[in-house]
Amino acid sequence: MKKTLILLALYAGSLYQSQTNRFTYELQYRKDSSKEYRTDLMNLDISPKSVKFYDRKFADFDIKNKEANQSISHYSTKTDQVIERKPDSFKNNWYRDFFDYFVVKTNDEMSWKVLQETKEYNGYKLQKATTDFAGRSWNAWFSNEINIKEGPYKFRGLPGLIFILEDKDQNFVYKLVNNEKLSADYDTKDFVETHYGKSAIPISNEKFNTYIEEIYQNPTRMFAEGIKNGNKATFKNETVESVEELNKKKEMLQNGIKGRFIYIEKDKEPVFKN
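According to the numbering used here, the stretch in the sequence shown is residues 14 to 287, in order.
In structure tokens:
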């Protein structure tokens, strides 16, 4: 479906005098070229105090909760790309949702090579830049007509807003599809800084990977105790009432853990051993 890009009339210096400017990117991502793309919309919220990047469905669910005046709908990230940072900073809080809620603090300064190559995109002249980051080589197309040195996920630092970003194998492709100016700073405390009241636990990426790898090795453990105490577990609308039945779900659970995320940071993904 062809999407129309509507950008605000932003001029140099205007962004940080405003409230929240929300840029929405379409993200297509896959494990490799043998797989079909997954597609999600991602919000890049820029305010005078912070820059945040997250799955747009978080905001959709948040609106429903605010309209109902209670937390009735929860959403969990499918992208593992929930990010918060200060303006003009490469230091990120990377929020990770996997049963518990975690935050990994990272310093992601990247070196860009700006090229002379240009192209048109929705009426904007874009210029190409390249960088290597997190085990992948990346091409970015930015516009210096919009003096915002930000972009999707952790990518930033170019002399203009990033409109298009893709790794050389096109396993991750971001395209800017919309922009809106919100009337006030958008409150994300229920789904970025916390996960619906669950505080983020500080952790390193190495320890986070160990945590996931250990769950993968014994994925039934967290459900077994409850079943022994008379509770039930439900998987895809199927109810499990005994440990014997639960153990039969081990492979299904492992496949779910292995396939939960397609890790954008290739050099930091967990290793799942059979």
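We treat Cβ as the ideally placed atom computed from N, Cα and C, and that holds for glycine.
CA-CA distance, residue 216 and residue 113?
Answer to the nearest angstrom: the Cα atoms are 11 Å apart.
Could you give the DSSP three-state label for residue 163: helix, strand or coil?
Of the three classes helix, strand and coil, the one that applies to residue 163 here is coil, per DSSP.
Is it right to say residue 15 is buried, meaning 16 or more other beta carbons lie within 10 angstroms of its own, or is it exposed?
Residue placement at residue 15 is flagged as unreliable, the pLDDT there being 38, under the threshold of 50; the coordinate-derived value follows with that caveat. Its Cβ having fewer than 16 others within 10 Å, residue 15 is exposed.
Am I right that residue 190 and residue 39 are in contact with their C-beta atoms under 8 Å? What's the rounded C-beta distance?
Correct: roughly 5 Å between the Cβ atoms.
From the DSSP output, in three-state form, read off residue 266 for me.
If DSSP states are grouped into helix, strand and coil, residue 266 belongs with the helices.
Please state whether DSSP places residue 217 in a helix, a strand or coil.
Coil at residue 217, not helix or strand.
Suppose you measure from the CA of residue 99 to the CA of residue 59; what does that come to, to the nearest Å?
Roughly 9 Å between the two C-alpha positions.
Return the chain-ordered list of same chain residues with a C-beta closer than 8 Å to the C-beta of residue 210, the five sequence neighbours on each side being excluded.
Contacts found: 84, 203.
Assuming residue 126 and residue 143 are in contact, meaning their beta carbons sit under 8 Å apart, how far apart are those beta carbons, in whole angstroms?
Between residue 143 and residue 126 the Cβ distance is about 5 Å, and since that is below 8 Å, they are a contact.
Closer than 7 Å by C-beta to residue 90: which residues in its own chain qualify, once you throw out the five before and the five after it? Chain order, please.
68, 110, listed in sequence order.
Is residue 103 near residue 149, with beta carbons less than 8 Å apart?
No; because the gap between Cβ atoms is not below 8 Å, this pair is not in contact.
Smallest Cα separation from residue 239: which of 229, 227, 253?
For the residues 229, 227, 253, the minimum Cα distance to residue 239 belongs to 253.
What number of angstroms, rounded off, separates the C-alpha of residue 25 from the C-alpha of residue 159?
Confidence at residue 25 is low in this model, with a pLDDT of 36, below 50, so its placement is unreliable and no value can be given for it.
Quick one: is residue 55 buried, meaning 16 or more other Cβ sit within 10 Å of its Cβ, or exposed?
Buried, because 16 or more other Cβ atoms sit within 10 Å of the Cβ of residue 55.
Sorted by chain position, which residues of the same chain lie with C-beta nearer than 6 Å to residue 286's C-beta, five sequence neighbours on each side aside?
Closer than 6 Å at Cβ, skipping near neighbours: no residue.
With residue 234 as the anchor, note down where its alpha helix (DSSP H) starts and where it stops.
Residues 234-241.
If you run the structure through DSSP and keep just helix, strand and coil, what is residue 282?
Looking at residue 282 - three-state DSSP - the assignment turns out to be coil, as it is neither helix nor strand.
Would you kindly check if the distance between the Cβ of residue 154 and the Cβ of residue 118 is under 8 Å?
Contact flag unset, no.
Just reading off the beta strand (DSSP E) that residue 58 is part of, what are its end residues?
Per DSSP, residue 58 belongs to the beta strand (DSSP E) from 51-59.
Would you mind working out which of 116, 187, 278 sits nearest residue 178, comparing C-alpha positions?
Answer by Cα proximity: 187.
Within 10 Å of its beta-carbon, does residue 213 have 16 or more other beta-carbons around it, so buried, or fewer, so exposed?
Burial call: buried.
Tell me where the alpha helix (DSSP H) around residue 256 begins and ends.
It spans 256-260 - the alpha helix (DSSP H) in which residue 256 sits, taken as one unbroken run.
Checking the sheet assignment: what are the DSSP bridge partners for residue 125?
According to DSSP, which records beta bridges pairwise, residue 125 is partnered with nothing at all.
Taking C-beta to C-beta, are residue 376 and residue 86 nearer than 8 Å?
Lying outside 14 to 287, the shown extent of the chain, residue 376 is not represented and no answer is given.
Measure the C-alpha to C-alpha separation of residue 120 and residue 95 and round it to an integer number of angstroms.
Looking at the two C-alpha atoms, the distance is approximately 15 Å.
Using C-beta distances below 7 Å, list every residue in its chain close to residue 156, excluding the 5 sequence neighbours before and after it, in chain order.
Correct list, in chain order: 137, 138, 139, 173, 174, 176.
Give the secondary structure of residue 140 by DSSP, where H, G and I count as helix, E and B as strand, and everything else as coil.
Strand at residue 140.
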